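A.B. asks: I'd like to ask you about the structure that follows.
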Amino acid sequence: MRHLGQLHDFLSSLSSLIPLNFQIWDANGLVYSSGPNGTKGSNVKEHQPFSAQVMSQATYQSTSHDGRAPMFGMPIRYGQQVIGSLIALESNGNLAVPSEDSLQARIHDAREMEPFLTHLAGLTEEIWASRKEIENVAEELSQSFEDLSVYARISTHMRSLQFSEEMLQNLIEELHETMRVDLAFAELPDRPEYNAIVGATALPDTVFDQQAFTHKLIQSIPQEAPSLQQDYFIVNDSRSTVYRELHPAPYRFLAVKVAHDTTFHGWLGLVSFKFEEHFRQSELQLLQSMARQISVLLANVDLYQDLQQFVMNMVKSLVFAIEAKDIYTKGHSERVNRYSMLTAERLPLAETQKTILNWASILHDIGKIGVPESILNKPARLSKEEFDVVKGHPKKGHDILEPLEQLASCLPGILHHHERYDGKGYPHGLKGEEIPFLARIIAVADTFDAITSNRAYRSANAAEQALAVIKEVAGTQLDPEVVKAFKEVFEATLKAEFETSHDE
């Protein structure tokens with residue numbers, strides 16, 4: 008149960024958002040703890056009997072530790088075997104959601120915890136199974152092939168859990184070079200952005216469109232071919248089959264399925280116009296092993312996307328709990344998030360920056376957890392002292408999230424979303440391009456939503472009026488470049504939406 012680093016990071020982040028610590032145990036003892044002292048805590052041994060009980064009973068268990076707080080456990084399985092346990096217990100010193108909030112009130116209910124831990128244990132099992140499968144396939148490769156140098160070069164790319172277009176392209180290039188073929192390719196119908204093909208410099212003149220040729224090869228594979236039961240198809244001489252109709256020059260063709268469990272992703276294929284020898288069994292095995300590893304990596308892509316969405320939903324739940332304090336701002340963070348991401352599509356932002364913006368915009372007002380409801384819902388103008396409390400929420404949000412290493416890149420956008428372009432904002436009075444660019448995007452989205460939403464002290468303004476105000480303060484309060492991009496978003500998308508909602 009070792010080497011689950013990304014899961015450990017996720018549980019540590021989750022433990023910072025909700026009042027629970029998490030532990031992972033296996034038969035040898037404690038593997039991981041999100042507690043302040045990790046696996047070296049003085050009281051972790053006290054929880055070992057409960058972990059043993061969970062593993063022996065192989066079912067969800069709940070009890071109390073030290074006679075004070077509840078403790079919950081879920082077995083972790085690999086196939087039919089119980090290999091460990093996931094324990095959740097009350098923690099102190101984490102992000103404090105108000106006691107009256109229903110989210111915290113329910114978190115200790117054993118009936119609510121069972122599906123929650125079932126989901127977390129399922130994620131753990133999938134990550135563990137994926138790693139084991141990669142390890143098993145790597146071991147199979149190392150034992151099966153005669154040419155270890157070929158495996159060494161290819162496995163360098165395959166051992167990463169991170170899948171990318173560049174990685175697959177490098178693998179296809181390695182295949183082309185080491186397999187002594189004229190064409191090597193990957194065709195993934197549901198992920199065409201990953202499709203790759205590498206051809207020899209001197210191919211028969213009639214192969215003008217390599218991608219069209221390989222696509223026809225795949226489409227011509229007969230569904231009833233017996234070898235498909237072993238996830239491959241082979242043609243050692245196209246002259247004796249219908250495949251001669253696809254190309255006048257004779258060729259050899261080998262394709263293997265890229266599939267994981269019941270999910271079909273596509274094909275890896277080889278084509279050769281040379282007839283010195285047929286495809287060898289070792290070449291088929293190598294291609295099959297590569298296909299299996301690629302399928303595992305693709306499954307991991309889906310798994311971590313699901314995991315990221317799960318974390319985002321947890322964060323949204325926390326944000327909704329905070330917004331519930333202010334009856335006038337329900338849905339504000341989601342709207343600011345949406346406006347920010349739409350604006351980002353019209354600005355020169357890399358995908359990594361868009362990901363950071365996605366998190367920063369949904370969390371930009373998390374610091375309002377420290378603002379009293381009496382201030383948030385006050386129907387009159389705030390006093391200077393009250394406004395100073397409100398002005399503290401960007402710094403408060405920054406301080407709450409600062410311990411989470413995974414959200415470090417989001418902090419500037421959260422801290423500075425109330426800075427003004429002319430330097431008269433808060434908390435640091437930054438000016439112009441001193442203000443982080445993502446914070447400038449959030450500021451425009453935040454301003455628009457504030458103007459078009461009801462507040463305790465005023466009613467909402469029309470969207471056209473809000474846009475006019477934003478254009479008016481471009482260059483003083485807001486970044487003109489971002490305002491220009493937001494205006495395009497408004498005309499292309501938001502204007503019609505607001506007109507429709509007004510008509511309703």
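Numbering (our numbering), first residue to last: 8 to 511. Backbone N, C-alpha and C define an ideal beta-carbon position, used for all residues, glycine too. Computed from a predicted structure; not experimentally measured.
Which term fits E63, buried or exposed, when burial requires 16 or more other beta carbons within 10 angstroms of its beta carbon?
C.D. replies: The displayed chain sequence assigns Ser, not Glu, to residue 63. By the 10 Å Cβ count, S63 comes out exposed.
A.B. asks: So which of D238, A446 and R342 has the shortest CA-CA distance to A457?
C.D. replies: Among D238, A446 and R342, the Cα nearest to that of A457 belongs to R342.
A.B. asks: In three-state DSSP terms, what is M319?
C.D. replies: M319: helix per DSSP, three-state reduction.
A.B. asks: Expressed to the nearest angstrom, what Euclidean distance is found between the alpha-carbon atoms of R246 and S171?
C.D. replies: The straight-line gap from Cα to Cα measures roughly 37 Å.
A.B. asks: Throw me the rounded Cβ distance for the F282 and A262 pair, which I believe falls under 8 Å.
C.D. replies: About 18 Å separates the two Cβ atoms, so there is no contact after all.
A.B. asks: Leaving out five residues on either side along the sequence, give the residues of the same chain with a beta carbon under 6 Å from the beta carbon of E409.
C.D. replies: Excluding residues within five positions, none has a Cβ falling inside 6 Å.
A.B. asks: The alpha helix (DSSP H) that contains Q217, what's its start and end?
C.D. replies: Looking at the DSSP string, the run of the alpha helix (DSSP H) that includes Q217 is Q217 to Q226.
A.B. asks: Could you check which residue in N143, A95 and P401 has the C-alpha nearest to that of F123?
C.D. replies: The shortest Cα separation from F123 among N143, A95 and P401 belongs to A95.
A.B. asks: Counting only the same chain and skipping the five closest in sequence on each side, list residues whose C-beta sits under 8 Å from that of D16.
C.D. replies: Correct list, in chain order: E412 and Q413.
A.B. asks: So Y346 is in the alpha helix (DSSP H); what residue range does that whole segment cover?
C.D. replies: Per DSSP, Y346 belongs to the alpha helix (DSSP H) from H339 to A351.
A.B. asks: Between which two residues does the alpha helix (DSSP H) carrying L474 extend?
C.D. replies: L474 -> alpha helix (DSSP H) spans A470 to E479.
A.B. asks: Among residues of its own chain, excluding the 5 on either side of H435, which ones have a beta-carbon nearer than 6 Å to its beta-carbon?
C.D. replies: Hits under 6 Å: none found.
A.B. asks: Where R113 and E173 are concerned, what is the direct C-alpha to C-alpha distance, given to the nearest angstrom?
C.D. replies: A caution first: R113 carries a pLDDT of 44, below 50, which makes its placement in the model too unreliable to give a value.
A.B. asks: Name the DSSP bridge partner or partners of H267?
C.D. replies: In DSSP, H267 forms a bridge with T270.
A.B. asks: If we call anything under 8 Å between Cβ atoms a contact, is S98 one with G80?
C.D. replies: Taking 8 Å as the Cβ cut-off, S98 and G80 do not qualify as a contacting pair.
A.B. asks: How big is the Cα-Cα spacing for Q230 and Q236?
C.D. replies: Answer to the nearest angstrom: the Cα atoms are 10 Å apart.
A.B. asks: Starting from Q88, trace the beta strand (DSSP E) in both directions and tell me its first and last residue.
C.D. replies: Segment Q88 to E97, the beta strand (DSSP E) holding Q88.
A.B. asks: Do you know whose CA, among V476, A136, A266 and R287, lies nearest F455's CA?
C.D. replies: When only C-alpha atoms are compared, the closest one is V476.
A.B. asks: Could you tell me which residues DSSP puts in a beta bridge with P77?
C.D. replies: The partner list for P77 (beta bridge, DSSP) reads S71.
A.B. asks: Does the Cβ of P82 have 16 or more other Cβ atoms within 10 Å, making it buried, or fewer, making it exposed?
C.D. replies: Per the 10 Å Cβ criterion, buried.
A.B. asks: Comparing C-alpha positions only, which one of V490, K264, V249 and R299 sits nearest to A351?
C.D. replies: Of the candidates V490, K264, V249 and R299, the one whose C-alpha sits nearest the C-alpha of A351 is V490.
A.B. asks: Would E426 pass as a contact of L418 if the rule is Cβ separation under 8 Å?
C.D. replies: Cβ distance not < 8 Å, so E426 and L418 don't count as in contact.
A.B. asks: Touching or not, the region 302–318 and the region 381–390, by the rule of three or more beta carbon pairs under 8 Å?
C.D. replies: In short, these stretches do not touch, since the Cβ pair count stays below three.
A.B. asks: Between the C-alpha atoms of L14 and E133, what's the straight-line distance to the nearest angstrom?
C.D. replies: Near 11 Å, if we compare the C-alpha coordinates of E133 and L14.
A.B. asks: Check this for me: beta carbons of G399 and I421, under 8 Å apart or not?
C.D. replies: Their beta carbons are not under 8 Å apart, which means G399 does not touch I421 by this criterion.
A.B. asks: What distance in whole Å lies between the Cβ atoms of E495 and R345, which are believed to be in contact at a cut-off of 8 Å?
C.D. replies: Not quite, the Cβ-Cβ distance comes to about 15 Å (not below 8 Å), so this is no contact.
A.B. asks: Three-state secondary structure (DSSP) at D313?
C.D. replies: Helix.
A.B. asks: Work out the CA separation of R187 and L130 for me, nearest whole Å.
C.D. replies: Taking the straight line from one Cα to the other gives about 41 Å.
A.B. asks: Who are the near neighbours of V326 in its chain, counting only those whose CB is closer than 6 Å to its CB and skipping five residues on each side?
C.D. replies: S340, listed in sequence order.
A.B. asks: Have a look at S92 and Q312 and give me their C-alpha separation to the nearest angstrom.
C.D. replies: Distance between the alpha carbons of S92 and Q312 is about 24 Å.
A.B. asks: Between which two residues does the beta strand (DSSP E) holding G430 run?
C.D. replies: G430 -> no beta strand (DSSP E), and no H or E assigned at all.
A.B. asks: Can you tell which of V397, K52, E488 and P26 has the C-alpha that lies nearest to the C-alpha of P520?
C.D. replies: The requested residue 520 is not part of the displayed model; the chain covers only 8 to 511.
A.B. asks: Nearest to I290 by CA position, among Q484, P199 and A191, is which residue?
C.D. replies: Contrary to the premise, residue 290 reads as Glu rather than Ile in this sequence. If we check each option's Cα against that of E290, A191 comes out closest.
A.B. asks: In terms of alpha-carbon separation, which member of M319, E252 and P196 lies closest to V265?
C.D. replies: Out of M319, E252 and P196, P196 has the C-alpha closest to the C-alpha of V265.
A.B. asks: On the premise that S40 lies in contact with Q30, defined as a C-beta separation below 8 Å, what is that separation, rounded to the nearest angstrom?
C.D. replies: 5 Å between Cβ atoms; contact.
A.B. asks: Take A136 as the anchor and find which of E252, R198 and R84 has the nearest alpha-carbon.
C.D. replies: For the residues E252, R198 and R84, the minimum Cα distance to A136 belongs to R84.
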